[in-house]
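K.L.:
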Amino acid sequence: MTAPQIPMALLAELTHRCPLKCPYCSNPVELIRRSEELTTEVWIDVFRQAAAMGALHVHLSGGEPASRRDLEDLTEGARDAGLYTNLITSGVGLSEARIKDLAARGLDHVQLSIQGVDPETADRIGGYEGGFSTKMKVAGWVVAEGLPLTVNAVMHRQNLDRLAETIEMAVELGARRLEVANTQYHGWAYRNRFALMPTEEQVRRGGQIVAEARERLAGTMVIDYVTPDHLAKFPKPCMGGWGRIGLCVTPRGTVLPCHAAETITGLDFETVHDRPLAEIWSNGPAFTAYRGTNWMPEPCASCDRKTKDWGGCRCQAFAWNGDAGTTDPVCSKSSGHAKVRAAAMAEAAEGVDAFDYRSF
Ligand code: SF4
Ligand code: FES
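One point on numbering: in this note's numbering, the residue at position 251 of the sequence shown is 1581, and numbering is uninterrupted.
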C-alpha cells in the first residue's frame, strides 16, 4: 500500500431526494430515504473533519441538494470550516432569494446541470415538466449574484447530435466552464445503457465539435471533455486514483473512495458514526484495498502509465470482470477491451428510446 495523500475534495451527497428522474443518474438503484439522512450537525462535523485533514473543496451534491431545507446552514458550516463550496444542482428547488442567501452564507460556485437545449427534449430526459424553464432562470440569478457558473451537460445518444447548440447555450447563460460529460454507466445509467449509449459516429463528431469550440471560445469559456471510455485507448484516472485525492460521504454517512464504490460487493465500508474520517481515509479497508499500485496485476503492474491512470476505474473492472482488482477493461491493453467495445456498439445499435426513469 502507498501512504495516503491528503484528500483534496469531499463529495458530500447530502440527499438522494430529487424532483428530476434522469435515466443517467449515477446514484445507486437502491436510493437512501430521507429518514436515514445525516442531520445538519453531523454534516457540519464531517466538513470540519475533512478540512482538518487538509481538504480544500466540498461538492454539495445529491440527489438534489436544494431538497434539503438546511442547505443554507450546511453551506455556511462548510464555509466556516474553511472549505471552498461548490453546489452541484439541477436548479429545481432554488429561488432567487435562496441563491442570494446561499451567496451571503459563503457559497463559492454553482454547477448547474442541463438535460437538453429546448424544453421538450430537456423535460423528457429529466422526467420533470418545467425543469428547463427553471434552469434558465436559475442560471440568470446565479450570474447576477456574481457567482461563477459551470454548466454540466451529460451527453448520450439522445442529445449528442445537439452538442453544438449545447455549447452555444452555455455561452449564452454566462457559464465560465462547460463540462461535456459523457454518461458513466453506473447505477441508473447502467440500467438505461441501451437508451443512452452513443454511436461511434456521434462520438467522433462530438470530439470535432468540442475541438472547434475550444479554439473559438478560448478566453471566454473553458470546455471539459474526455472521450467516452469504451472508445478511448486508455482509461481515465477515475477519481484521480482510488483513495488518493478524494472521498465521498453518502446521505446516510457511509464513507466511500468513489461515489459508485458500493457496487463492488465484498468491500467493507465504514460510516462517519464508526470512527473519525481521518482514520477511515488512512486505513479503512475499502480505501486501502486499491490505493496506490501494489494491488495491480499485469498488464498494469509493468505499465509505464500506472501512476498516470492508476489502473483506471475499479467499479468498471468489477462490473465487467467480477473482480475490482483487475485491469479496467476499457484499457486497450486489457484482454477484456474488445468485449467492452463490442457490447457498447451493440447497445448503441439497438436504438432503444424509452427510459427507465430514476425513482424511489
Ligand atoms: Fe492504465 Fe493498466 Fe492500461 Fe497501463 S495497463 S494503461 S496502467 S489500465
Ligand atoms: Fe468507482 Fe471509477 S466509478 S472507481
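From the three backbone atoms N, C-alpha and C, an ideal C-beta is built for every residue, glycine too.
Expressed to the nearest angstrom, what Euclidean distance is found between the alpha-carbon atoms of M1675 and E1360?
P.N.:
Sequence index remark: in the sequence shown, residue 1675 carries index 345 (1-based). Sequence index remark: in the sequence shown, residue 1360 carries index 30 (1-based). If you take the alpha carbons of M1675 and E1360, they lie about 28 Å apart.
K.L.:
With a threshold of 8 Å, are at least 3 pairs of Cβ atoms found where one atom belongs to the segment 1572-1579 and the other to the segment 1338-1351?
P.N.:
Yes, they touch.
K.L.:
Which residues neighbour ligand 1 when neighbourhood means a C-beta less than 6 Å away from any of its non-hydrogen atoms? List them by chain order.
P.N.:
Here the list is F1564, P1565, P1629, C1630, C1633, R1635, K1636, D1639, G1641, G1642, T1657, D1658, C1661, K1663.
K.L.:
Consider the C-beta atom of R1544 and the heavy atoms of ligand 2; say whether any pair is separated by less than 8 Å.
P.N.:
Here residue 1544 is taken as the residue at index 214 of the sequence shown, counted from 1. Because no heavy atom of ligand 2 lies under 8 Å away, the Cβ of R1544 does not count as near it: no.
K.L.:
At the level of alpha carbons, what is the spacing between A1591 and S1664?
P.N.:
Within the sequence shown, numbered from 1, the residue matching residue 1591 stands at position 261. Within the sequence shown, numbered from 1, the residue matching residue 1664 stands at position 334. Taking the straight line joining both Cα atoms gives about 21 Å.
K.L.:
Have a look at S1420 and P1659 and give me their C-alpha separation to the nearest angstrom.
P.N.:
Residue 1420 sits at position 90 when you count from the first residue of the sequence shown. Residue 1659 sits at position 329 when you count from the first residue of the sequence shown. Roughly 32 Å between the two C-alpha positions.
K.L.:
Can you tell me which of G1537, I1553, G1536 puts its alpha carbon nearest to the alpha carbon of R1544?
P.N.:
Locating residue 1544 in the sequence shown gives position 214, where the first residue counts as 1. Measuring from the Cα of R1544, the nearest candidate turns out to be I1553.
K.L.:
Where does G1576 sit, in a helix, a strand or coil, going by DSSP?
P.N.:
For the purposes of this step, residue 1576 is taken as the residue at position 246 of the sequence shown. DSSP places G1576 in strand when its eight states are reduced to three.
K.L.:
For N1613, is the classification buried or exposed, using 16 other Cβ atoms within 10 angstroms of its Cβ as the cut-off for buried?
P.N.:
Residue mapping note: residue 1613 aligns to position 283 of the sequence shown, counting from 1. By the neighbour-count rule (16 or more Cβ atoms within 10 Å), N1613 is not buried but exposed.
K.L.:
Among A1668, L1401, R1635, P1627, which has the Cα closest to the Cα of Y1653?
P.N.:
As a working note, residue 1653 is residue 323 in the sequence shown. Note that residue 1653 is Asp in the sequence shown, not Tyr. If we check each option's Cα against that of D1653, P1627 comes out closest.
K.L.:
Which one or two residues does DSSP pair with T1419 in a beta bridge?
P.N.:
Residue numbering aside, residue 1419 sits at position 89 when the sequence shown is read from its first letter. L1442.
K.L.:
Since I1553 sits in a beta bridge, which residues does DSSP pair it with?
P.N.:
Position 223 of the sequence shown, counted from the first residue, corresponds to residue 1553. According to DSSP, I1553 bridges with L1508.
K.L.:
Taking only runs that begin and end inside the segment 1599-1662, name each unbroken beta strand (DSSP E) of 3 or more residues, in chain order.
P.N.:
Entirely contained in the segment 1599-1662, not one beta strand (DSSP E) run reaches 3 residues.
K.L.:
What are the uninterrupted segments assigned as alpha helix (DSSP H) that are 4 or more residues long and contained completely in the segment 1364-1419, given in chain order?
P.N.:
You should have 1370-1383, 1401-1410.
K.L.:
Quick test of the definition: if touching needs 3 or more C-beta pairs under 8 Å, does the segment 1453-1460 touch the segment 1490-1507?
P.N.:
Result no; under three Cβ-Cβ pairs closer than 8 Å.
K.L.:
As a quick exercise: from G1536, V1422, A1382, A1649, pick the residue whose alpha carbon is nearest that of M1466.
P.N.:
Indexing the sequence shown from 1 puts residue 1466 at position 136. Among G1536, V1422, A1382, A1649, the Cα nearest to that of M1466 belongs to V1422.
K.L.:
Could you tell me whether any non-hydrogen atom of ligand 2 is closer than 8 Å to the CB of R1644?
P.N.:
Residue 1644 sits at position 314 when you count from the first residue of the sequence shown. At least one heavy atom of ligand 2 is nearer than 8 Å to the Cβ of R1644, so yes.
K.L.:
With DSSP run on the structure shown, which of helix, strand or coil describes A1679?
P.N.:
Numbered from its first residue, the sequence shown carries residue 1679 at position 349. A1679 falls in the helix class under three-state DSSP.
K.L.:
For V1556, is the classification buried or exposed, using 16 other Cβ atoms within 10 angstroms of its Cβ as the cut-off for buried?
P.N.:
Locating residue 1556 in the sequence shown gives position 226, counting from the first residue. V1556 comes out exposed.
K.L.:
Would you mind reading off the limits of the alpha helix (DSSP H) that contains V1464?
P.N.:
If you number the sequence shown from 1, residue 1464 lands on position 134. Here residue 1464 turns out to be Thr, not Val, going by the sequence shown. Segment 1461-1474, the alpha helix (DSSP H) holding T1464.
K.L.:
Check whether the segment 1368-1382 and the segment 1532-1548 touch, using three or more Cβ-Cβ pairs below 8 Å as the test.
P.N.:
No, the segment 1368-1382 is not in contact with the segment 1532-1548.
K.L.:
Taking one C-beta from the segment 1430-1437 and one from the segment 1391-1406 each time, how about it: are there three or more such pairs within less than 8 Å?
P.N.:
Output reads yes: the segment 1391-1406 touches the segment 1430-1437.
K.L.:
Is M1569 near ligand 2, in the sense that its beta carbon is under 8 Å from a heavy atom of that ligand?
P.N.:
For the purposes of this step, residue 1569 is identified with residue 239 of the sequence shown, where counting begins at 1. Correct: M1569 has its Cβ closer than 8 Å to ligand 2.
K.L.:
Among residues of its own chain, excluding the 5 on either side of T1405, which ones have a beta-carbon nearer than 8 Å to its beta-carbon?
P.N.:
Taking the sequence shown and counting its residues from 1, the one referred to as residue 1405 is at position 75. Closer than 8 Å at the Cβ level, and outside the excluded window around T1405, lie L1390, T1415, L1417, L1432, R1435, G1436, L1437.
K.L.:
Which residues in the same chain have their Cβ closer than 6 Å to the Cβ of F1648, if we skip the five residues on either side of it in sequence?
P.N.:
As a first step, residue 1648 is located in the sequence shown; it is residue number 318 there, counting from the start. Taken in chain order, the residues that qualify are I1594, A1654.
K.L.:
Just to confirm, does A1616 get its C-beta within under 8 Å of one of the non-hydrogen atoms of ligand 2?
P.N.:
On the sequence shown, position 286 is the one that residue 1616 refers to. No, the Cβ of A1616 stays beyond 8 Å of every heavy atom of ligand 2.
K.L.:
Indicate, with yes or no, if ligand 2 has a heavy atom lying under 8 Å from the CB of C1352.
P.N.:
As a position in the sequence shown, residue 1352 is number 22, starting the count at 1. Checking the Cβ of C1352 against ligand 2 gives no.
K.L.:
With DSSP collapsed to three states, give me the class of M1485.
P.N.:
Here the question's residue 1485 lines up with position 155 in the sequence shown. Correct three-state label for M1485: strand.
K.L.:
Does the separation of the CB atoms of L1442 and N1489 fall below 9 Å?
P.N.:
The residue labelled residue 1442 in the question sits at position 112 within the sequence shown. The residue labelled residue 1489 in the question sits at position 159 within the sequence shown. Cβ distance not < 9 Å, so L1442 and N1489 don't count as in contact.
K.L.:
Taking DSSP's pairing of strands, which residues face A1668 in a bridge?
P.N.:
Looking up residue 1668 in the sequence shown gives position 338. According to DSSP, A1668 bridges with nothing at all.
K.L.:
Measuring straight from C-alpha to C-alpha, what distance separates Q1646 and G1392?
P.N.:
The sequence position of residue 1646 within the sequence shown is 316, counting from 1. The sequence position of residue 1392 within the sequence shown is 62, counting from 1. Straight-line Cα distance between these residues: approximately 21 Å.
K.L.:
Could you check where the beta strand (DSSP E) with G1584 kicks off and where it finishes?
P.N.:
By 1-based counting over the sequence shown, the position of residue 1584 is 254. The sequence given here has Thr at residue 1584, not Gly. 1584-1586 is the extent of the beta strand (DSSP E) around T1584.
K.L.:
For K1636, which residues from the same chain have a beta carbon less than 7 Å from its beta carbon, with the 5 sequence-adjacent residues on both sides left out?
P.N.:
Taking the sequence shown and counting its residues from 1, the one referred to as residue 1636 is at position 306. Excluding sequence neighbours, K1636 sits near T1623, M1626, C1630.
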